[in-house]
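Worksheet for the structure shown next.
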Amino acid sequence: MSDNLQDEVQRFTDLSRKRIDNKEELDTYLSLFIAWLKRKDGTLFKVESLHYCYAALARYLKESTAIPGGIRGWDRYNFSKAVRCLNGKIRSL
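Residue 1 is where the sequence shown starts when you use the UniProt record's numbering, and the numbers rise one by one after that.
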């Protein structure tokens with residue numbers, strides 16, 4: 001594994017252990033989650049499955065969040081990294 005990837009993995013695991021209380025951190029965390037989202041056997045999900053997974057996350061975050069102002073997961077302004085990562089991964093499939 002390259003040093004860059006190891007750094008990203010470490011940052012991702014550090015984020016997953018702490019409470020995320022702002023939209024910027026959540027955007028980074030979601031984009032990393034989308035980038036690494038695979039089945040248990042290592043194969044990639046279908047396009048529809050990726051879309052449904054992100055939609056479920058967005059709905060959950062909208063309904064139960066501690067971040068002031070609420071969360072709109074499909075908002076390209078506040079969650080630009082996550083939405084761009086999702087779009088890029090879908091296009092690559």
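Backbone N, C-alpha and C fix where the C-beta goes; we use that ideal spot for every residue, glycine too.
As the structure is a prediction and not an experimental result, all values here were calculated from the model.
S64 at chain B interface by Cβ criterion, 8 angstroms: You won't find chain B in this structure, because it holds only one protein chain.
Just the C-alpha distance for D75 and G42, rounded to the nearest angstrom, thanks. Taking the first residue of the sequence shown as position 1, residue 75 is located at position 75. Taking the first residue of the sequence shown as position 1, residue 42 is located at position 42. The alpha-carbon atoms of D75 and G42 are separated by roughly 29 angstroms.
So, helix, strand or coil for Y77, using DSSP? Residue mapping note: residue 77 aligns to position 77 of the sequence shown, counting from 1. It is coil, neither helix nor strand.
Where does D21 fall in DSSP's three states? Here residue 21 corresponds to residue number 21 of the sequence shown, with the count starting at 1. The answer is coil: DSSP assigns D21 none of H, G, I, E or B.
Rounded to a whole number of angstroms, what is the C-alpha to C-alpha distance between L86 and E48? Mapped onto the sequence shown, residue 86 falls at position 86. Mapped onto the sequence shown, residue 48 falls at position 48. Cα to Cα, the separation comes out at about 11 angstroms.
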